[in-house]
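Working notes for the structure below.
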Amino acid sequence: MQKIQLKNLNYHLPSFYVLQSNYYFYLGFSEEALISLSKAEENVAHLDLTIKGTYLITIFNNRIVMLIKTGKLVEAESESERFNTFLQHSSEVEETFFTLIKIYRADIALLGKQFDRLAILIEELEKLPKNSDQGYALRFYKAMLAISNGDYQLAEEEAESCIMYFEENPIIERLVPLYETLGICAEKKRQYKKSSDMYKKIVYLLKEG
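In the numbering used here, the protein residues as written are 8 to 216.
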């Protein structure tokens, strides 16, 4: 920061604040992380127009993820609206960015136990273009909706269809509920060893996390 100030290299400020934000969030300082993201957004004016949009997309994504992970669901919903508005007024935007906004809203609905809304978002996601990550996220939401409705067979099928992907690309917020779902489904089928194994995996994940 001192070097940036001394040499008037203000175009480095957005990347500096994004990195600082990630570091604060890693340390568990969520408020400081969000403040750094706000500073990054304030300083994108120093950037060339060709990369300004890329930085803003990164800032929006990081902020929404942080808000969701810290349980600030109302703020995350508001930020998803801002992100959507930004994309609507941008040129040459990948269609999967709009899908990503639906993914964030599905996470918000799931965490808020808004299962009717989650069902609607799943239907919308089915019709949208998706990359690989988003396709497996959709299967995850289907599993969560099915288990909430007591449809254990469908819940197990959907969870099994995406569990390997999330084990290879670990996301604890996905893996824990998936293992719990598979554990519950195994109990219903009296597969007690499998159920026990699932809960052991949850304990291991939480310890590692």
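Backbone N, C-alpha and C fix where the C-beta goes; we use that ideal spot for every residue, glycine too.
As the structure is a prediction and not an experimental result, all values here were calculated from the model.
Go through its chain and collect everything with a Cβ distance to arginine 181's Cβ below 6 Å, but skip five positions before and after it. Same-chain partners within the cutoff: Phe147 and Phe173.
Taking only three categories from DSSP, how would you classify lysine 79? Of the three classes helix, strand and coil, the one that applies to lysine 79 here is coil, per DSSP.
Looking at the unbroken alpha helix (DSSP H) that takes in lysine 195, where does it start and where does it end? 179-195 is the span of the alpha helix (DSSP H), which, as asked, contains lysine 195.
Do you know whose CA, among Glu88, Ile42, Met73 and Tyr24, lies nearest tyrosine 62's CA? When only C-alpha atoms are compared, the closest one is Tyr24.
Does the separation of the CB atoms of serine 137 and threonine 188 fall below 9 Å? Checking the sequence shown, residue 137 turns out to be lysine, not serine. Not closer than 9 Å, so no.
If you count every other CB in all the chains shown that lies within 10 Å of the CB of isoleucine 154, and 16 or more means buried, which is it? Buried, by the Cβ-count rule.
Would you be able to state if there are at least three C-beta pairs under 8 Å between the stretch 155-163 and the stretch 192-205? In short, these stretches touch, since the Cβ pair count reaches three.
Beta-carbon proximity of leucine 41 to leucine 74, cut-off 9 Å: In this structure, leucine 74 lies closer than 9 Å to leucine 41 by Cβ.
Would serine 43 pass as a contact of tyrosine 31 if the rule is Cβ separation under 9 Å? It is a contact, given that the beta carbons lie within the stated cut-off.
CB-CB under 6 Å to isoleucine 220, same chain, minus the five flanking residues each way: which ones, in chain order? No information on residue 220 is available, as it lies outside the stretch 8 to 216 that the chain covers here.
Residue from Asp158, Ile71, Lys134 and Tyr206 whose Cα sits closest to the Cα of arginine 112: For arginine 112, the nearest C-alpha among the options comes from Ile71.
I think serine 28 touches alanine 52, with their Cβ atoms under 8 Å apart; what is that distance to the nearest whole Å? Going by Cβ atoms, the distance from serine 28 to alanine 52 rounds to 18 Å, so no, they are not a contact pair.
Give the C-beta separation of lysine 109 and glutamate 84 to the nearest angstrom, bearing in mind that I take them to be a contact with Cβ-Cβ under 8 Å. Contact flag wrong, Cβ pair sits at about 12 Å.
Terminal residues of the alpha helix (DSSP H) in which alanine 126 lies: Looking at the DSSP string, the run of the alpha helix (DSSP H) that includes alanine 126 is 122-134.
State buried or exposed for lysine 214, treating a residue as buried only when at least 16 other CB atoms are found within 10 Å of its CB. Burial call: exposed.
Using the rule of at least 16 other Cβ atoms within 10 Å of the residue's Cβ for burial, across every protein chain shown, is isoleucine 58 buried or exposed? The residue in question, isoleucine 58, is exposed, as its Cβ has fewer than 16 Cβ neighbours within 10 Å.
Straight-line Cα distance separating phenylalanine 90 from serine 98: Roughly 14 Å separates the two Cα atoms.
Give a yes or no on whether the C-beta atoms belonging to isoleucine 179 and leucine 212 are separated by under 9 Å. Contact check for isoleucine 179 against leucine 212 passes: the beta carbons are separated by less than 9 Å.
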